[in-house]
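Using the numbering used here, the first residue of the sequence shown is number -19, and each one after it goes up by one.
Cβ atoms here follow ideal geometry from the backbone N, Cα and C, with glycine treated the same way.
Report on the structure given below.
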Amino acid sequence: MKDQQNIWVGVDQLKNDEAYRKQVQDEFFQLPVAEQTAASLKVEGSRRDFLKYLGFGVGAATIAAGCEIPVKKAIPYVVKPDSIVPGVATYFASTFVQGGDYCPVLVKTREGRPIKVEGNSLSKVTMGGTSARAQASVLSLYDTSRLDGPYRITEGKLGEAAASWTEIDAEIGRSLNASSQIRIVANTIMSPTTKKAIADFKAAFPNTQVVMYDPVSSSALLQANEASFGARVVPAYHFDKAKVIVGFEADFLGTWISPIEYAAQYVTGRKLTDGQRDMSRHIQVESGMSLTGSNADHRIMVKPSEQGAAIVTLYNALAGKAGRSTVRGAASLSGAAASKLESVAEELWSQRGNSLVVSGSNNQGEQILINAINDMLGNYGSTIDLSKPSMQRQGDDAALQQLIKDLNAGSIDAIFVMDGANPAYDIPNAAEFVAGMANVDLSVSFAGVPNETSALCQYATPTHHYLESWGDVEPKSGSYSLIQPTITPIFAALGRPGTRQTEESLLTWANSDQLDKEAEQPMMEYLKANWEQTMFSRQNNFSTFQAFWDSALHDGVFETGGSAPAPVATDSTSVATPVAVASAAFAGDVNAAAGKVRQPAAGEAMEINFFETVNMGAGQYANNPWLMEMPDPITRCVWGNYLAIPVKWDGGNSFSSYKGLNENEMYSEADRAEVSINGTSQTATCIRQFGQLDGTFALALGYGRSKTGRMGRALGEEVGINVFPWMSIDADGNTQYYATGVEVSDRVEKEMEFACVQYHHTMGVTAKDENGEVIVDEETGKPLNVDEKAIMTLGGGFQGGLTNRSIIFQGSLSELDELVEHMHEFQEEAEHLNSATLYPYDEYNEKYYSQGHHWGMHVDLNACIGCGACQVACIAENNVPVVGKHEVHRHHEMTWLRIDRYFFGDYENPNVVYQPMMCQHCDNAPCENVCPVAATNHSAEGLNQMTYNRCIGTRYCANNCPYKVRRFNWLDYTTADLFSSNEPLVNGEELPFGADNLTRMVLNPDVTVRSRGVIEKCSFCVQRIQEGKLTAKREERALRDSDVKTACQTACPTGAITFGDQNNKQGSLAKKMAHPLNYEVLQEINTRPSVFYSAKVVNSSEELA
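Structure follows, in structure tokens:
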């Protein structure tokens, strides 16, 4: 059934039973903290206990009267560097690189401390966008779990710390000789200078080989392009040039290869601006809903084992149109999915040269068929470019498997494991790797934070954090960016031996004369020398190398203009070789490829798909609490991975799930079931998920870390479960991210602290009476909203659940005029009702807000992909605290900006819209009228502002906010008042997160750190507004609204957020507000918000519906 009007957040909201309505009505009802703690501990008190405690309390109070508040000491900043002005931020261009992630950034520092990263708009790859991972990377610099120097490792634990690097260098040097069989294990290396350092190391030790792998691999894509075009490359994709996009399990907006780059390209064809009425069409083929699938116009759901058959079906359909032979001997789909793929073939054929088909499969045969499809469509040289290939995801799965065989055969003398690589955890046969490590004479880990692989090594020689490092990156052929330190290596400054860059360590052990050990910064000199040799001759703008170097370092990025130098090759993976477009003739054997594709599982066997999340990756971010507490965009869960189970709909009003699991997931607990795959079982917490194909499950990678920092493990136990052992390896040596023959048991237990924010802060629930009947307005016949049923009926527009309120407007591109007409009718009715007031708003607005600045924001729901970069950026900018799983479970999360995820359309296969929701800065704000101490008030520039030291914590404002965007500090999450009894414990630690002096270095000094008992919320980054004013004053000019950009705005990779002055009628914000798809959320309740949204439009097709 297609219900294009209904909008919902989850099953319970659709069922709307009594328990759900009660929870929503009691959303702000909370027991006192002491009572909740006692209840969770099952502690009961008697009258006698009360009298005893009262007597003790009186005595304690008498004694405490002579106590003083703990003293905070400050060190005067008397001697400062000339380049630093106290109170003024300094920015440095650098590059965030971890594993396959890449993002050029501008690092904001205050008094020598990096505290925030922004996207570098000079980059032609990412176009100034960022990701949640990049935004959170600054926090990992101040991770207390980082190693503060070299260590010897004994029985998997850190042993004796080395007195100096010289001591460790001597020990490792004695273990190496020219005949040693050495292996360097790393994730994809994108740095030309790192490759040169390895080559210099290999000059001293010729039997050195580099084995590159990626936990989420594109090895099959590389193999397929080598078979198809003679070049082992990852092509450059141009989603902005495609009119029809088809993705097979490729989460290119979330995690696949270069998501920041692809997201910016993708939304180019999705925004409806300046009268544009044309959009690209996106079809996603998958079993479980991915971030990319949630943004698609249509999803074709097939089981993981049927992906190969789906690709064969599409190939054969297009081959018939192109006059080519169909493939033989391979399974193809039938039924509804096959019919839809026939329609997809029609769409693609009509857009030859303007289409793009991509696959996230790690099956070589499937990728060859994808290449053949794009070749038939004429996409090479248009939407696919082989001449400037990507340098990301260059790992070779087969080479890693060969390494494991060599380790177990005892033929490896020494192994060096680069930071980020963790094969003892993130590969399917990690147990074989672990066994082989026992046969190695010398093992060294460069990991900055202990992990499963470093525990197997003999030495830990931690490298710098990227914000302490020198380096370079080549993400795409001919595109380069630099890494420069923004702070002195922290631990060396504290008197420890400190960390040292991996390249410097390798060159030291090789005793290479290429490294100037006497230099103040040896790695900087090594990097400069390499750039002078390889890059200087490839530009024409500077006559001296120093001028060129200063410019490149200032900009952070460099695009080459001359011919490329000879690349430095690694061993297991050849360097990507550009292919001339004219010679990019497809030469793959499609019939042989069809013989390699996945075969559909027999019978009714259950299947599971393993996927990478936008926040946790493959586990490399497990120790970052900003990312742990960031809700997954689809499941809306935090602090763990959850088994997504399909929702079944009976065609009426009933929804069920597999074996009845999780019928009460919205409450304080969730079902846990035993999952068995290939004879191995683990217990997982379940969550019902719309868009999950019946007969399939989904589970995220990157959790269940057994050895990591304190945030990645709770009370000594893993957070979530490790799914890597359930994965398999195919005949070509490539990792497969799915499994068949899955068995899921009935409920075995309950998770009592289910941390899912899906039903937190709801804004529309239909009211029912005692008999369960929907309460409707007698005049309009529309259903009442549960939070308004006690209010007098004021006419149409004030009532209704999510579907009937102006929270989400959505429609199809083919019915755009009808959508605009519907919106305008609704808005006119709302304005008519809102005008029936004694309050002269229009006169007041004209008198007070039409002059000067009136700040506002616009969010384009067609551009928002739900990636979460804005949410983490807000946390970093505004010192938003981490509260931990227990507090999130109690609805106490503190995020100022949340991203609400709504479903609409077909119950069985819905569309999705993401809505960033922050304080709306209402000009008629309900929160301001109810505060008894005027702690929240309105500024002359339209800001709804908080006076923290006036707030007494009544929470009346939060109760009265219809947008549910105000947050209350139930505990002292930031240790601001230094009373330990007020502090929560995150993951069972002795101190709450952020209490230590190192972690607190990330705090923004321009933003007040709030204490217990205070309400907080989005401030429109008022500190940035003030900074813009001071800059304009210093430059003796008027403030332009473009001078001020909020943290969420600058972080967004798609440009979905616009901030500006509503009174500037020529500004970009005014143009957004004038668009016919513009609307206000809950306009009918007359709050006059200063945040505006564009309606969600999908480019749907009747043939694919």
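- Kindly list the residues whose CB is nearer than 6 Å to the CB of M504, restricted to its own chain and excluding five residues on each side of it in sequence; keep chain order. Residue mapping note: residue 504 aligns to position 524 of the sequence shown, counting from 1. Excluding positions up to five away in sequence, the list reads W450.
- Task: Compare the Cα-Cα distances from E867 to each of A527, S312 and D952 and report the closest residue.
- Result: What you label residue 867 is simply residue 887 of the sequence shown in a count that begins at 1. Checking every option, the nearest Cα to that of E867 belongs to D952.
- Item | Counterpart residues of P985 in DSSP-defined beta bridges | Taking the first residue of the sequence shown as position 1, residue 985 is located at position 1005. Per DSSP, none; premise fails for P985.
- Return the bridge partner residues of E805 from the DSSP annotation. To locate residue 805, count along the sequence shown from 1; it is residue 825. Per DSSP, none; premise fails for E805.
- Task: Whole angstroms is fine: what's the gap from E731's alpha carbon to D612's?
- Result: Counting from 1 along the sequence shown, the entry for residue 731 is found at position 751. Counting from 1 along the sequence shown, the entry for residue 612 is found at position 632. Cα-Cα distance, rounded: 18 Å.
- Item | Proximity of A427 and D399 at Cβ, strictly below 8 Å | Taking the sequence shown and counting its residues from 1, one reaches residue 427 at position 447. Taking the sequence shown and counting its residues from 1, one reaches residue 399 at position 419. Against a cut-off of 8 Å, the Cβ pair of D399 and A427 comes out as a contact.
- Sequence-distant residues of the same chain with beta carbon closer than 6 Å to L321, five excluded per side: Here residue 321 is taken as the residue at index 341 of the sequence shown, counted from 1. Counting only Cβ-Cβ distances below 6 Å, and skipping sequence neighbours, we find T293 and L294.
- Could you have a look at G780 and say whether DSSP puts it in helix, strand or coil? As a working mapping, residue 780 is identified with position 800 in the sequence shown. Confidence in G780 is poor, its pLDDT being 44 and thus under 50, which makes the residue's placement too unreliable to answer from.
- Message: So, at 7 Å on beta carbons, what are the nonlocal neighbours of D421 in its own chain, with the 5 sequence-adjacent residues on each side left out?
- Response: Position 441 of the sequence shown holds residue 421. Hits under 7 Å: S155, D393 and A394.
- Coarse secondary structure for W629, derived from DSSP in three states: Taking the first residue of the sequence shown as position 1, residue 629 is located at position 649. If DSSP states are grouped into helix, strand and coil, W629 belongs with the strands.
- Message: Could you give the first and the last residue of the continuous alpha helix (DSSP H) run that contains E346?
- Response: For this step, residue 346 is matched to residue 366 along the sequence shown. Looking at the DSSP string, the run of the alpha helix (DSSP H) that includes E346 is Q344 to M356.
- Beta bridge counterpart(s) of A719 as assigned by DSSP: Start at 1 with the first residue of the sequence shown, and residue 719 comes out as number 739. In DSSP, A719 forms a bridge with I588.
- Note down, in chain order, each residue of its chain lying with its Cβ closer than 7 Å to the Cβ of N187, except the 5 sequence neighbours on either side. Here residue 187 corresponds to residue number 207 of the sequence shown, with the count starting at 1. Cβ neighbours of N187 beyond the five flanking positions: S159, S160, Q161 and I162.
- Task: Report the rounded CA-to-CA distance for A207 versus Q347, giving the unit in angstroms.
- Result: In the sequence shown, residue 207 corresponds to position 227, counting from 1. In the sequence shown, residue 347 corresponds to position 367, counting from 1. When rounded, the distance between both Cα atoms is 10 Å.
- Rounded separation between W489 and K497 - CA only: Residue 489 sits at position 509 when you count from the first residue of the sequence shown. Residue 497 sits at position 517 when you count from the first residue of the sequence shown. Cα to Cα, W489 sits roughly 12 Å from K497.
- Might you give, ordered along the chain, the residues of its own chain that have their beta carbon closer than 8 Å to the beta carbon of G79, omitting 5 neighbours on each side? Translated into positions along the sequence shown, residue 79 becomes position 99. If we look at G79 and ignore the five residues flanking it on each side, its Cβ neighbours are N167, T168, D194, P195, G400, G597, A598 and Q600.
- Endpoints, the beta strand (DSSP E) within which R881 is located: As a working note, residue 881 is residue 901 in the sequence shown. R878 to D886 is the span of the beta strand (DSSP E), which, as asked, contains R881.
- Could you check what DSSP says for E798 in three-state terms: helix, strand or coil? Counting from one through the sequence shown, the residue named residue 798 turns up at place 818. Correct three-state label for E798: helix.
- Message: Could you tell me which whole beta strand (DSSP E) segments of length 3 or greater appear in the region 138 to 172?
- Response: 162 to 166
- Where does A770 fall in DSSP's three states? Within the sequence shown, the letter at position 790 stands for residue 770. The predicted model places A770 with a pLDDT of 35, which falls under 50 and marks its position as unreliable; any figure quoted below should be read in that light. Three-state result, A770: coil.
- Message: Suppose contacts are defined by Cβ-Cβ distances below 8 Å. Is Q900 in contact with P1069 by that definition?
- Response: On the sequence shown, position 920 is the one that residue 900 refers to. On the sequence shown, position 1089 is the one that residue 1069 refers to. Contact flag set, yes.
- Message: Measuring straight from C-alpha to C-alpha, what distance separates Q925 and G129?
- Response: Numbered from 1 along the sequence shown, position 945 holds the residue referred to as residue 925. Numbered from 1 along the sequence shown, position 149 holds the residue referred to as residue 129. Near 45 Å, if we compare the C-alpha coordinates of G129 and Q925.
- Just how far apart, CA to CA, sit N296 and T306? Here residue 296 is taken as the residue at index 316 of the sequence shown, counted from 1. Here residue 306 is taken as the residue at index 326 of the sequence shown, counted from 1. Using only the alpha carbons, I get a separation of about 5 Å.
- Taking Cβ to Cβ, would you say M515 is nearer than 8 Å to N889? The residue given as residue 515 occupies position 535 in the sequence shown. The residue given as residue 889 occupies position 909 in the sequence shown. No, the Cβ-Cβ distance between M515 and N889 is not below 8 Å.
- Task: State yes or no: is the C-beta of P408 within less than 8 Å of the C-beta of F185?
- Result: For the purposes of this step, residue 408 is identified with residue 428 of the sequence shown, where counting begins at 1. For the purposes of this step, residue 185 is identified with residue 205 of the sequence shown, where counting begins at 1. No, the pair does not count as a contact, with Cβ atoms beyond the cut-off.
- Query: S492 by DSSP, collapsed to three states: which one?
  - Reply: Residue numbering aside, residue 492 sits at position 512 when the sequence shown is read from its first letter. Three-state DSSP puts S492 in coil, outside helix and strand.
- Query: Among residues of its own chain, excluding the 5 on either side of D535, which ones have a beta-carbon nearer than 7 Å to its beta-carbon?
  - Reply: Here residue 535 refers to the residue found at position 555 of the sequence shown. So the qualifying residues of the chain are A73 and L102.
- Message: Can you find the residues in the same chain that come closer than 7 Å, C-beta to C-beta, to Q1003, ignoring five residues on each side of it along the sequence?
- Response: Counted from its first residue, the sequence shown places residue 1003 at position 1023. Same-chain partners within the cutoff: D986 and V987.
- Query: Around the C-beta of N491, are 16 or more other C-beta atoms found within 10 angstroms, so that it is buried, or is it exposed?
  - Reply: Within the sequence shown, residue 491 is the residue found at index 511, counting from 1. N491 is exposed by the Cβ-count criterion.
- Item | K368 - DSSP class collapsed to helix/strand/coil | Taking the first residue of the sequence shown as 1, we reach residue 368 at position 388. Three-state DSSP puts K368 in a strand.
- Just how far apart, CA to CA, sit C854 and V1078? The count along the sequence shown starts at 1 and reaches residue 854 at position 874. The count along the sequence shown starts at 1 and reaches residue 1078 at position 1098. Straight-line Cα distance between these residues: approximately 28 Å.
- Can you list, in chain order, the residues of its chain whose CB lies under 7 Å from that of W629, leaving out five sequence neighbours each side? Locating residue 629 in the sequence shown gives position 649, where the first residue counts as 1. Excluding positions up to five away in sequence, the list reads F635, Y887 and E888.
- Take I932 as the anchor and find which of Q1006, G993, M981 and Y824 has the nearest alpha-carbon. Stepping through the sequence shown from its first residue, residue 932 is reached at position 952. That would be G993, whose Cα lies nearest to the Cα of I932.
- Could you tell me which residues DSSP pairs with F538 in its beta bridges? On the sequence shown, residue 538 is found 558 positions in, with the first residue counted as 1. Y460.
- Return helix, strand or coil for T1067, following the three-state DSSP convention. Taking the sequence shown and counting its residues from 1, the one referred to as residue 1067 is at position 1087. T1067: coil per DSSP, three-state reduction.
- Work out the CA separation of I(-13) and M803 for me, nearest whole Å. Here residue 803 refers to the residue found at position 823 when the sequence shown is read from its first residue. Here residue -13 refers to the residue found at position 7 when the sequence shown is read from its first residue. Roughly 16 Å between the two C-alpha positions.
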